[in-house]
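Asker: Here it is, the structure in full.
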Amino acid sequence: MLQKTQTKSLDVEQIRKDFPILKRKVHGKPLVYLDNAATSQKPRQVIEALKNYYETYNANVHRSIHQLGEEATAAYEKAREKIAVFVNADSYQNILFTKNSTEGLNLLAYSLTSSLKKGDEIVISQLEHHSNFVPWQQMAKQRGLKLKFIKINKDVELDKESIKKNITKKTKIVSVNHISNAVGTINPIEKITKIAHENGAFMVVDGSQAAPHMPLDMKEIDSDFYVFTGHKMLGPTGVGVVYGKKELLESMQPFLYGGEMINEVKFEDTTFNKLPWKFEAGTPNISEGIGLGIAVDYLKNIGMKRIFEKDKELVSYAMKRMKDIDGITIYGPKERGSIISFNIRGVHAHDVSQILDSEGVAIRAGHHCCMPLMSVLGITATARASFYLYNTEEEVDTFINAIHKVKKVFGV
Ligand SMILES: Cc1ncc(COP(=O)(O)O)c(C=O)c1O
Numbered sequence: 090m091l092q093k094t095q096t097k098s099l100d101v102e103q104i105r106k107d108f109p110i111l112k113r114k115v116h117g118k119p120l121v122y123l124d125n126a127a128t129s130q131k132p133r134q135v136i137e138a139l140k141n142y143y144e145t146y147n148a149n150v151h152r153s154i155h156q157l158g159e160e161a162t163a164a165y166e167k168a169r170e171k172i173a174v175f176v177n178a179d180s181y182q183n184i185l186f187t188k189n190s191t192e193g194l195n196l197l198a199y200s201l202t203s204s205l206k207k208g209d210e211i212v213i214s215q216l217e218h219h220s221n222f223v224p225w226q227q228m229a230k231q232r233g234l235k236l237k238f239i240k241i242n243k244d245v246e247l248d249k250e251s252i253k254k255n256i257t258k259k260t261k262i263v264s265v266n267h268i269s270n271a272v273g274t275i276n277p278i279e280k281i282t283k284i285a286h287e288n289g290a291f292m293v294v295d296g297s298q299a300a301p302h303m304p305l306d307m308k309e310i311d312s313d314f315y316v317f318t319g320h321k322m323l324g325p326t327g328v329g330v331v332y333g334k335k336e337l338l339e340s341m342q343p344f345l346y347g348g349e350m351i352n353e354v355k356f357e358d359t360t361f362n363k364l365p366w367k368f369e370a371g372t373p374n375i376s377e378g379i380g381l382g383i384a385v386d387y388l389k390n391i392g393m394k395r396i397f398e399k400d401k402e403l404v405s406y407a408m409k410r411m412k413d414i415d416g417i418t419i420y421g422p423k424e425r426g427s428i429i430s431f432n433i434r435g436v437h438a439h440d441v442s443q444i445l446d447s448e449g450v451a452i453r454a455g456h457h458c459c460m461p462l463m464s465v466l467g468i469t470a471t472a473r474a475s476f477y478l479y480n481t482e483e484e485v486d487t488f489i490n491a492i493h494k495v496k497k498v499f500g501v
């Protein structure tokens with residue numbers, strides 16, 4: 090018989106030892122961190138990598154011809170190479186470092202729409218995070234483009250008919266998320282990519298919630314661009330990634346201008362650096378990039394397939410237990426990522442979150458940066474529990490007990 094914390098796929102007890110924060114208490118109770126879709130906790134290997142950089146080889150990258158500068162550049166570029174392997178990209182040239190997913194999506198929205206003509210169409214979905222919504226909306230407004238939305242069905246999945254109806258020969262760009270941060274839907278991005286390509290459109294995927302949880306293969310997915318953010322996948326804040334196909338990145342206009350992204354600057358004009366640095370103006374987040382490389386090592390050592398399986402086990406255990414509780418609505422499909430968005434009848438999501446916090450359980454409550462989706466669902470907020478590799482069944486039990494406390498306090 091397996092221990093509750095030792096699921097079929099992972100030795101969670103061992104993993105937890107790497108995360109110092111998991112030892113702390115909140116309001117006198119052991120921390121149960123179920124807000125992983127907002128940001129993940131960091132293993133000591135990542136924390137030490139940041140400390141080590143600042144203590145032993147802090148220097149700027151790509152410019153200083155001295156030992157520290159060379160060590161910093163090598164470590165930073167090594168991290169890029171690891172990320173390229175992690176997502177099965179052709180080379181480091183496909184990997185652009187950004188500040189986060191939001192910056193990556195802004196880069197693509199700005200750069201990809203710069204050559205479009207008035208009336209050209211962009212397709213996103215009702216299920217997008219504001220970061221994959223507002224940049225396209227604002228570029229469409231500024232450049233006279235038409236923005237269309239793939240509708241969701243009753244299970245909060247992208248509606249198949251709506252995908253086909255919206256992506257047409259007029260579509261120039263399709264941008265959808267791989268896993269919804271609001272409800273956990275896993276979208277059929279390979280299929281959507283195929284439809285986008287059949288219609289001659291570029292495919293952008295917001296992989297912010299997928300990169301931390303599942304194996305990614307850029308060659309299989311075949312999207313033109315794939316964006317993710319380091320802090321949700323055990324890495325530091327301040328670093329994100331845009332994967333892009335080389336020939337497209339080469340033909341695109343840079344997003345930010347300044348130092349480092351140039352080849353030669355004359356009074357009349359400037360030529361730009363080679364890939365990937367053409368898109369990386371100014372001093373980058375060096376320690377954060379290096380830290381993300383270490384996070385990727387950590388995830389790879391455990392195995393993304395095993396992480397995906399383990400998350401799935403925990404989510405189905407939590408869903409099973411939640412279904413036994415009267416008055417709970419769970420949003421989204423049965424098969425999902427490691428996110429459970431829910432409401433308790435008669436209680437606002439913020440109150441749910443506050444009472445759970447008093448029990449040491451950290452979840453998120455609100456619109457989850459998905460206000461358009463909330464309006465389609467006819468609600469203003471949900472409570473959201475999101476799980477990761479270090480969460481246990483015991484923690485799910487604590488979460489369930491805390492939900493019972495909410496019901497008791499509110500008499501529902
Ligand atoms: C699906 C999705 N896209 C984009 C983002 C934005 O990520 P960041 O805030 O790191 O830019 C998030 C963060 O919650 C997300 O969940």
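Numbering (the working numbering), first residue to last: 90 to 501.
Heads up, the beta-carbon is just placed ideally off N, CA and C, and yes, glycines get one too.
Owing to the predicted nature of the structure, the values given are computational and were not obtained by experimental measurement.
(1) Alpha carbon to alpha carbon, how far is L91 from L478?
(2) Less than 9 Å between the C-beta atoms of S269 and C459, yes or no?
(3) If you reduce the DSSP assignment to three classes, tell me which class G158 lands in.
(4) Is there contact here, the stretch 115 to 124 with the stretch 444 to 451, by at least three beta-carbon pairs under 8 Å?
(5) Give a yes or no on whether the C-beta atoms belonging to A370 and Y387 are separated by under 9 Å.
(6) Hey, how far is the Cα of N435 from the Cα of I281?
(7) Just mark E357 as buried or exposed, buried being the case when its beta carbon has 16 or more other beta carbons within 10 Å.
(8) Provide the residue span of the beta strand (DSSP E) that contains R453, from first to last.
(9) With a threshold of 16 other CB atoms inside 10 Å of the CB of K131, please say whether the residue is buried or exposed.
(10) Please report the distance separating the alpha-carbon of F368 from that of V263.
(11) Would you be able to state if there are at least three C-beta pairs under 8 Å between the stretch 285 to 301 and the stretch 209 to 229?
(12) Could you check whether D248 and I239 sit closer than 9 Å to each other, using their CB atoms as the reference points?
(13) Would you say Y332 and V150 are within 9 Å of each other, going by their C-beta atoms?
(14) Provide the residue span of the alpha helix (DSSP H) that contains V330, from first to last.
(15) Among M303, E166, A285 and E279, which one has its Cα closest to the Cα of G53?
(16) Mind checking who P224 pairs with in its DSSP beta bridge?
(17) Just to confirm the assignment, what range does the alpha helix (DSSP H) spanning F368 have?
(18) Relative to the C-alpha of L381, which candidate in L185, T145 and S153 has its C-alpha closest?
(19) I'd like the span of the beta strand (DSSP E) that includes K261, first residue to last.
(20) Suppose contacts are defined by Cβ-Cβ distances below 9 Å. Is I429 in contact with A407 by that definition?
(21) Is D124 helix, strand or coil by DSSP?
(22) Can you name, in chain order, every residue of its own chain whose Cβ lies under 8 Å from the Cβ of Y143, other than the five neighbours on each side?
(23) Just to check, is the beta-carbon of K131 closer than 8 Å to a non-hydrogen atom of ligand 1?
(24) Please tell me whether, using a cut-off of 8 Å, the distance from the CB of E246 to the nearest non-hydrogen atom of ligand 1 is below it.
(25) Check whether the Cβ atoms of D306 and K283 sit closer than 9 Å, and answer yes or no.
(26) Check K254 in the structure and name its three-state DSSP category.
(27) Have a look at A491 and I419 and give me their C-alpha separation to the nearest angstrom.
(28) Quick check: Q226 and L364, are their CB atoms within less than 9 Å of each other?
(29) Closer than 6 Å by C-beta to G324: which residues in its own chain qualify, once you throw out the five before and the five after it? Chain order, please.
(30) Can you give me the C-alpha to C-alpha distance between D440 and G426, rounded to a whole angstrom?
(31) Taking only runs of the alpha helix (DSSP H) that begin and end inside the stretch 376 to 435, which ones reach a length of at least 4 residues, in chain order?
(32) According to DSSP, is T274 helix, strand or coil?
(33) Which of helix, strand or coil does DSSP assign to A168?
(34) Quick one, which of G500, D486, F476 and F499 has its alpha-carbon nearest L123's?
(35) Between the Cα of G233 and the Cα atoms of A163, I211, A168 and K188, which residue gives the shortest distance?
Answerer: The answer reads as follows:
(1) Translated into the one-based positions of the sequence shown, residue 91 becomes position 2. Translated into the one-based positions of the sequence shown, residue 478 becomes position 389. Confidence is the limiting factor: at L91 the pLDDT is only 44, short of 50, which leaves the residue's position unreliable and the question unanswerable from this model.
(2) Residue mapping note: residue 269 aligns to position 180 of the sequence shown, counting from 1. Residue mapping note: residue 459 aligns to position 370 of the sequence shown, counting from 1. Cβ distance < 9 Å, so S269 and C459 count as in contact.
(3) Here residue 158 corresponds to residue number 69 of the sequence shown, with the count starting at 1. Helix.
(4) yes
(5) For this step, residue 370 is matched to residue 281 along the sequence shown. For this step, residue 387 is matched to residue 298 along the sequence shown. Contact: no.
(6) Reading the sequence shown from its first residue, position 346 is the one you call residue 435. Reading the sequence shown from its first residue, position 192 is the one you call residue 281. As written in the sequence, residue 435 is Gly, which differs from the Asn given in the question. C-alpha separation (whole angstroms): 38 Å.
(7) Within the sequence shown, numbered from 1, the residue matching residue 357 stands at position 268. Exposed, because fewer than 16 other Cβ atoms sit within 10 Å of the Cβ of E357.
(8) Looking up residue 453 in the sequence shown gives position 364. Residues R453 to G455.
(9) Here the question's residue 131 lines up with position 42 in the sequence shown. K131 should be labelled buried.
(10) Here residue 368 corresponds to residue number 279 of the sequence shown, with the count starting at 1. Here residue 263 corresponds to residue number 174 of the sequence shown, with the count starting at 1. Distance between the alpha carbons of F368 and V263: 21 Å.
(11) yes
(12) Stepping through the sequence shown from its first residue, residue 239 is reached at position 150. Stepping through the sequence shown from its first residue, residue 248 is reached at position 159. Contact flag set, yes.
(13) Stepping through the sequence shown from its first residue, residue 332 is reached at position 243. Stepping through the sequence shown from its first residue, residue 150 is reached at position 61. Not closer than 9 Å, so no.
(14) Along the sequence shown, one-based indexing puts residue 330 at 241. From DSSP, V330 is part of no alpha helix (DSSP H) but of the beta strand (DSSP E) over G329 to G333.
(15) As shown, the chain starts at 90 and ends at 501. That puts residue 53 outside it, with no answer to give.
(16) Taking the sequence shown and counting its residues from 1, the one referred to as residue 224 is at position 135. In the DSSP output, where bridge partners are listed per residue, P224 has none listed.
(17) By 1-based counting over the sequence shown, the position of residue 368 is 279. Careful: F368 lies outside any alpha helix (DSSP H) and carries neither H nor E.
(18) Here residue 381 is taken as the residue at index 292 of the sequence shown, counted from 1. The residue with the shortest Cα to Cα distance from L381 is L185.
(19) Numbered from its first residue, the sequence shown carries residue 261 at position 172. Here the beta strand (DSSP E) through K261 covers T260 to N266.
(20) Taking the first residue of the sequence shown as position 1, residue 429 is located at position 340. Taking the first residue of the sequence shown as position 1, residue 407 is located at position 318. The answer is yes: Cβ separation under 9 Å.
(21) Start at 1 with the first residue of the sequence shown, and residue 124 comes out as number 35. Of the three classes helix, strand and coil, the one that applies to D124 here is strand, per DSSP.
(22) As a working mapping, residue 143 is identified with position 54 in the sequence shown. Excluding positions up to five away in sequence, the list reads S376.
(23) Walking along the sequence shown from the start, residue 131 turns up at place 42. Every heavy atom of ligand 1 is 8 Å or more from the Cβ of K131, so no.
(24) Position 157 of the sequence shown, counted from the first residue, corresponds to residue 246. Result no, Cβ not under 8 Å from ligand 1.
(25) To locate residue 306, count along the sequence shown from 1; it is residue 217. To locate residue 283, count along the sequence shown from 1; it is residue 194. Not a contact, by the Cβ cut-off of 9 Å.
(26) Translated into positions along the sequence shown, residue 254 becomes position 165. Looking at K254 - three-state DSSP - the assignment turns out to be helix.
(27) For the purposes of this step, residue 491 is identified with residue 402 of the sequence shown, where counting begins at 1. For the purposes of this step, residue 419 is identified with residue 330 of the sequence shown, where counting begins at 1. In a straight line, the C-alpha of A491 is about 17 Å away from that of I419.
(28) Against the sequence shown, residue 226 aligns to sequence position 137. Against the sequence shown, residue 364 aligns to sequence position 275. Contact flag unset, no.
(29) Taking the sequence shown and counting its residues from 1, one reaches residue 324 at position 235. Counting only Cβ-Cβ distances below 6 Å, and skipping sequence neighbours, we find G380, L381 and A384.
(30) Counting from one through the sequence shown, the residue named residue 440 turns up at place 351. Counting from one through the sequence shown, the residue named residue 426 turns up at place 337. When rounded, the distance between both Cα atoms is 25 Å.
(31) 393 to 412
(32) Walking along the sequence shown from the start, residue 274 turns up at place 185. Strand.
(33) Residue mapping note: residue 168 aligns to position 79 of the sequence shown, counting from 1. Looking at A168 - three-state DSSP - the assignment turns out to be helix.
(34) Position 34 of the sequence shown, counted from the first residue, corresponds to residue 123. Nearest option by C-alpha distance: F476.
(35) Walking along the sequence shown from the start, residue 233 turns up at place 144. Measuring from the Cα of G233, the nearest candidate turns out to be I211.
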